[in-house]
Structures are given as structure tokens and as C-alpha cells.
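Scroll down for the structure; my scribbles are underneath it.
Protein chains: 2
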Amino acid sequence: MTTKVVIVDDHFLLAQAIQELVNSFEGFETLYLCKNGKELLEKMKYPANVPDIILMDVNMPILNGIAATKIINETYPNVLVLALSVEVDEDIILGMLRAGAKGYLMKDTEKEQLQEALEQVIRDGYYHTNTIAKLLVGSLVKPKEGVQLKDRELEFIKHACTEMTYREIAEAMFLSPKTIEGYRDSLYEKLNIKNRIGLVLYAIRQKLFVP
Amino acid sequence: MTTKVVIVDDHFLLAQAIQELVNSFEGFETLYLCKNGKELLEKMKYPANVPDIILMDVNMPILNGIAATKIINETYPNVLVLALSVEVDEDIILGMLRAGAKGYLMKDTEKEQLQEALEQVIRDGYYHTNTIAKLLVGSLVKPKEGVQLKDRELEFIKHACTEMTYREIAEAMFLSPKTIEGYRDSLYEKLNIKNRIGLVLYAIRQKLFVP
DNA sequence: AGGGAAAGGGGTGAAAACCCCTTTTACAGG
DNA sequence: CCTGTAAAAGGGGTTTTCACCCCTTTCCCT
């Protein structure tokens with residue numbers, strides 16, 4: 033019996049291309065392609081459309097890979113999700129794995145490695161390259177220093193990433209300038225930074241603010 | 033006679049996949065794949081390896097698409113370069129076109145569109161989607177406000193994107209704090225910004241500084 | 001030779017940012 | 001009801017930044 037694969041990727045050219053690759057592997061066939069997570073979930077409502085393996089892109093519009101994977105894992109625990117991405121961002125990779133992806137393939141993978149991944153994930157239930165394995169270990173060593181930011185602080189940070197003065201930020205947030213200064217000071221403490229530039233850099237690196 | 037195509041992309045899986053697509057088109061065949069511009073130029077030293085069309089990724093290590101395209105265009109003016117990228121950054125698209133690319137394909141292109149592009153570039157010498165055409169017009173309308181920054185100013189901007197005070201920046205650049213303030217003030221003027229945050233945002237958006 | 005950028009340096013006052021510490025307010029839990 | 005805690009607001013003093021002025025030196029170009 034052949035293993036049924038579904039490819040979810042908004043880069044349609046890539047999706048079609050991978051489809052041809054997968055179809056060329058013995059014992060594998062592509063059921064259909066999807067452009068995003070939403071489309072995939074719609075399809076999978078019909079039992080005939082539930083595959084064995086989903087090759088899932090991470091960066092997609094509408095319903096991204098992480099969210100989609102999470103839902104898949106809860107709804108169809110027997111479906112194996114393999115992440116497929118150019119993204120090398122640690123947070124994103126870990127996000128996918130936490131969401132229940134059984135492996136993470138870079139898009140510069142060789143043809144043979146894709147086949148290997150598909151076969152291993154069927155056999156063992158997971159597939160991890162050395163790169164990803166190393167990352168996993170790293171994330172255990174450094175447990176992601178859980179600096180907990182409150183809603184109001186996040187809002188403030190976003191404002192701080194503009195040319196507004198603190199007085200203007202205070203007005204925009206309907207607070208006293210002094211309160212804003214309070215937010216700022218406690219953030220400086222928590223995040224171990226010295227001035228507003230540090231705050232902006234933190235925000236950008238944590239993707240709280242997109243420049 | 034078949035049209036010979038070469039695919040240059042460090043995402044090897046994608047490259048292989050596109051290869052299979054291209055080979056499935058009537059009248060086209062893939063000569064070989066390359067992982068970057070350097071590899072391509074090495075190959076093309078042998079006349080038998082000079083293709084009719086190059087499908088060129090933009091983001092590559094070692095020798096990127098823009099640089100490679102420029103060299104190809106000077107050395108082999110008869111070779112048609114089609115850019116192939118996920119990149120939607122206006123500067124990069126324009127860079128590729130200025131470097132001599134005959135078209136710019138998004139990686140979410142449909143199979144049929146790729147075939148169309150290959151055929152049209154052979155027939156007419158170019159291929160542009162509506163999206164790209166619109167971009168081209170836009171770039172003519174807004175002639176890229178040529179704010180000319182001097183070396184010393186660029187150096188200062190990079191320092192300004194850190195938690196250093198101006199005094200510290202002055203020390204790092206072996207200048208008087210006053211000179212630094214001079215740079216700052218004239219940049220505020222030139223760039224039409226009000227404070228250091230604006231400068232940081234400008235630097236990031238212009239890719240002078242990568243966070 | 002002279003005019004004009006470009007680069008480096010300087011002064012001052014006002015505003016903003018920074019830092020520490022207190023008070024008020026509000027509200028949940030014993 | 002009282003208490004503890006956390007958000008909000010504030011006071012006051014120091015440093016930094018900002019936004020104006022000003023000057024000299026160097027170097028390039030016609």
C-alpha cells in the first residue's frame with residue numbers, strides 16, 4: 033500500500049515540484065496540494081483526503097505552519113507532519129516541533145534526503161537532521177529566559193519603536209508620562225538594557241515590532 | 033532544437049524540483065544545476081556548458097544573483113537570465129532587472145506560468161508579470177530619493193544602532209563628541225527624522241544595519 | 001589663486017531621558 | 001475588614017540629547 037502525501041505550500045511552483053519528486057519515490061503518492069493551512073483543513077474534513085504525511089511549509093498566509101500543525105496534531109493524531117522551510121530561525125523551528133511536527137527539513141535538502149525523511153518518518157515516527165538535533169539540545173541548555181511581558185508593556189514597546197516622545201506615547205496610551213517612565217524603567221531592568229535604543233533592538237529581535 | 037536551461041539555486045530540493053518541471057516541458061531540457069553564482073561561472077567556462085536560459089535564484093551564498101547576473105550579462109550577452117525568488121523587496125527586484133535579468137518570477141508561480149515565461153523569453157527576449165511591470169512604473173515615478181551618505185556618516189549610523197551614548201560613539205570613532213553631534217544633526221535634517229529612534233529605523237529599513 | 005564643499009570642533013539653553021524613591025489607588029484573598 | 005501586592009502616578013535631581021548658533025582646517029576644482 034502506498035503512503036499518501038499532501039504538500040502544503042503557498043509557493044506553488046515549489047509545491048508542484050516537490051509533488052513530482054514525491055511521486056517519483058517508490059511507495060509514495062501525492063494526494064493533492066494546498067496553498068495554506070485553512071485550505072488543508074477544509075480538504076481534510078473528508079476522510080478520503082486525510083493523508084499519511086503532510087509536508088508543511090512554515091511561512092504561509094491565512095493559517096501558517098505552526099498553527100496548522102497544532103490543529104492537525106490535535107484533530108488527526110495519526111497524521112505525520114514534516115515541516116519544510118527556508119526559515120532557520122530557532123524560535124520558528126522550535127515552534128513547529130512543539131506544535132507536533134515530526135521533523136524539519138530545510139528547502140535546500142537533497143532529493144535523496146527527502147526520500148529518506150519520508151521513509152524514516154513512516155518507519156520511526158520522526159526524522160531529524162543533525163542540524164536540528166543540535167538545535168534541540170541547545171534549546172534545552174538555554175531554557176529561553178522567560179521574561180514575562182504584560183499587555184500594557186508590549187503596547188508601550190511598540191510605541192517606543194517610533195519617533196514618538198514618551199509624552200506622546202503617554203497621551204496615545206491614555207496614561208501619565210510618569211507611568212510610561214515607570215514601564216520604561218522596569219523594562220530596562222527586566223531586559224537588561226540601558227536605553228531606548230536597546231529597547232528597540234530587543235523589540236525587533238523578538239519580532240514584537242517589524243521595521 | 034531544444035532550449036538548454038540551467039538552474040542556479042542553493043535550495044537544492046527546489047532546484048531539483050524545478051529541473052523536473054523544466055524537463056517535462058516540450059522543447060526544454062536542463063543541462064545541470066548550480067548552488068551559487070561562482071559554481072555557475074566555473075561551469076560556463078566550457079562552451080558546451082553555456083545554456084540558452086539561466087533560472088537564477090537571488091539569495092545565494094558566495095556569489096548572489098545580482099552579482100552573478102551582472103557578470104553573465106557582460107560575458108555572455110546571448111544568455112537569457114530569468115530571476116526566480118521569494119524576495120518581494122523592491123530594491124532587490126530592481127537590482128536584478130538592472131543587472132540584466134530578462135524577467136522576475138516569484139517562487140509561487142504556477143507550473144504553466146513557468147512554461148509561459150520560458151517560451152516568451154525565448155520568443156520576445158523578456159517576460160514580465162503584471163506585478164513586476166507595476167513595480168517598474170512605480171520606480172520611475174519615485175526616483176529613489178538619492179540621499180547620499182558619506183562613509184563617516186554610515187559608520188556613525190551603525191554605532192547609533194547600539195546602546196552606546198554619543199560620547200562612547202565619539203570615542204570609538206576617534207572623534208570629538210561635538211563632531212558626532214554634528215553628524216547626527218545633519219542626518220536628522222537630511223533624513224527628515226526627529227530623534228535617534230528614527231535614525232535606527234532608517235538604518236534598518238535601508239539595510240545599513242541588521243538587527 | 002580663490003571659492004566652496006567637507007570634515008572637525010565648540011557653546012548654550014531647553015527639552016527629553018534617565019534614575020531612584022514615594023504615594024495613591026485598586027482590588028483580590030485570608 | 002484588613003492586608004498585601006501591583007498598577008498608576010508623581011517628585012526631584014542628574015545626565016543626555018536636541019537644536020540652534022558659531023569657528024577653523026583641509027582639500028578639491030575651476
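Just so you know, the sequences run in chain order A and B.
In terms of the numbering used here, the first sequence opens at residue 33 and continues consecutively.
In terms of the numbering used here, the second sequence opens at residue 33 and continues consecutively.
C-beta: ideal position from N, C-alpha, C; glycine also.
Model, not experiment: these values are computed from the prediction.
Under 9 Å by beta carbon: chain A residues contacting residue i
i        : result
B/Thr161 : Chain A residues near B/Thr161: none, gap ~13 Å exceeds 9 Å.
Backbone CA spacing between residue i and residue j [nearest angstrom]
i        : j        : result
A/Pro175 : A/Leu240 : Caution applies to A/Pro175, whose pLDDT of 46 falls short of 50 and renders its modelled position unreliable; the value that the coordinates give is listed next. The straight-line gap from Cα to Cα measures roughly 20 Å.
B/Ile236 : A/Ile189 : 17 Å
A/Glu177 : B/Glu200 : Caution applies to A/Glu177, whose pLDDT of 48 falls short of 50 and renders its modelled position unreliable; the value that the coordinates give is listed next. Approximately 29 Å, taken between the alpha carbons.
A/Asn96  : B/Glu119 : 18 Å
A/Asn55  : B/Ile94  : 33 Å
A/Leu167 : B/Asn110 : 46 Å
A/Thr197 : A/Leu73  : 46 Å
A/Ile244 : A/Phe60  : Given a span of 33 to 243 for chain A in the structure shown, any question on residue 244 of chain A remains unanswerable.
B/Lys70  : A/Gly69  : 37 Å
A/Ala165 : B/Lys139 : 29 Å
A/Arg208 : A/Asp217 : Position check: residue 208 of chain A holds Ser in this sequence, whereas Arg was assumed. Those two C-alpha atoms are separated by around 14 Å.
B/Asn162 : B/Leu137 : 11 Å
B/Val242 : A/Pro243 : 11 Å
A/Thr35  : A/Tyr158 : 15 Å
B/Lys182 : B/Lys222 : 12 Å
B/Thr211 : B/Ala204 : 13 Å
B/Pro79  : B/Met33  : 17 Å
B/Thr107 : B/Lys77  : 10 Å
A/Glu213 : B/Asn227 : 18 Å
B/Ser117 : B/Arg130 : 16 Å
A/Glu122 : A/His160 : 15 Å
A/Gln238 : A/Leu126 : 14 Å
A/Val37  : B/Val37  : 29 Å
Beta-carbon proximity check, residue i vs residue j, cutoff 8 Å
i        : j        : result
B/Ala202 : B/Val232 : no
B/Gly132 : B/Ala115 : no
A/Lys75  : A/Asp42  : no
A/Glu187 : A/Leu219 : no
B/Ile104 : B/Met128 : no
B/Ala49  : A/Leu46  : yes
A/Asp84  : A/Leu112 : yes
B/Asn81  : B/Leu63  : yes
A/Tyr234 : A/Ile225 : yes
A/Val90  : A/Ile124 : yes
A/Phe206 : B/Glu142 : no
A/Thr194 : B/Ile86  : no
A/Phe57  : A/Gln147 : yes
A/Leu53  : B/Glu151 : no
A/Met88  : A/Thr101 : yes
Neighbouring residues, chain B, relative to residue i (Cβ below 7 Å)
i        : result
A/Leu46  : Leu46, Ala49 and Lys139
A/Leu233 : Pro243
Per-residue contacts from residue i into chain A (C-beta, under 7 Å)
i        : result
B/Gly230 : Glu195
B/Glu58  : Residues of chain A passing the Cβ test: none, with the nearest at roughly 16 Å.
B/Arg155 : Correct list: empty, because the minimum Cβ distance to chain A is about 21 Å.
Contact set between residue i and chain A, taken where Cβ atoms lie within less than 8 Å
i        : result
B/Arg93  : Position check: residue 93 of chain B holds Pro in this sequence, whereas Arg was assumed. The premise fails here: B/Pro93 is roughly 10 Å from chain A at the closest Cβ pair, so nothing lies under 8 Å.
B/Leu146 : Leu45
Under 8 Å from the C-beta of residue i: neighbouring residues of chain B
i        : result
A/Leu65  : Those do not exist, as A/Leu65 stays about 11 Å from chain B at its closest Cβ, beyond 8 Å.
A/Ile236 : Ile236 and Pro243
Neighbour list for residue i in chain B, Cβ cutoff strictly below 9 Å
i       : result
A/Glu52 : Ala49, Glu52, Leu53 and Ser56
Near the ligand FMN: residue i beta-carbon under 7 Å from a heavy atom
i        : result
A/Glu221 : The model depicted lacks the ligand FMN and carries no ligand whatsoever.
Output, in sequence order along the chain, the residues in the stretch 208-227 of chain B whose CB is closer than 7 Å to any CB in chain A. Ile225, Lys226 and Asn227
Contact set between the stretch 180-207 of chain B and chain A, restricted to residues whose Cβ is under 9 Å from the partner: For the stretch 180-207 of chain B, which is checked against every Cβ of chain A, the residues closer than 9 Å are Ala192, Cys193, Thr194, Glu195, Met196 and Thr197.
Taking only runs of the alpha helix (DSSP H) that begin and end inside the stretch 149-216 of chain B, which ones reach a length of at least 4 residues, in chain order? 162-173, 183-192 and 198-204
Could you tell me which whole alpha helix (DSSP H) segments of length 4 or greater appear in the stretch 50-82 of chain B? 69-76
What are the residues of the stretch 109-142 of chain A that lie near chain B, defined by any Cβ-Cβ distance shorter than 9 Å? Leu116, Val118, Leu137, Met138, Lys139, Asp140, Thr141 and Glu142
According to a CB-to-CB cut-off of less than 7 Å, which residues of the stretch 34-45 of chain A neighbour chain B? So the list reads Asp42, His43, Phe44 and Leu45, given in the order they occur along the chain.
Report the residue ranges of all alpha helix (DSSP H) runs contained in full by the stretch 79-151 of chain B; include only those spanning at least 4 residues, in chain order. The alpha helix (DSSP H) runs lying completely inside the stretch 79-151 of chain B and spanning 4 residues or more are 97-107 and 122-130, given in chain order.
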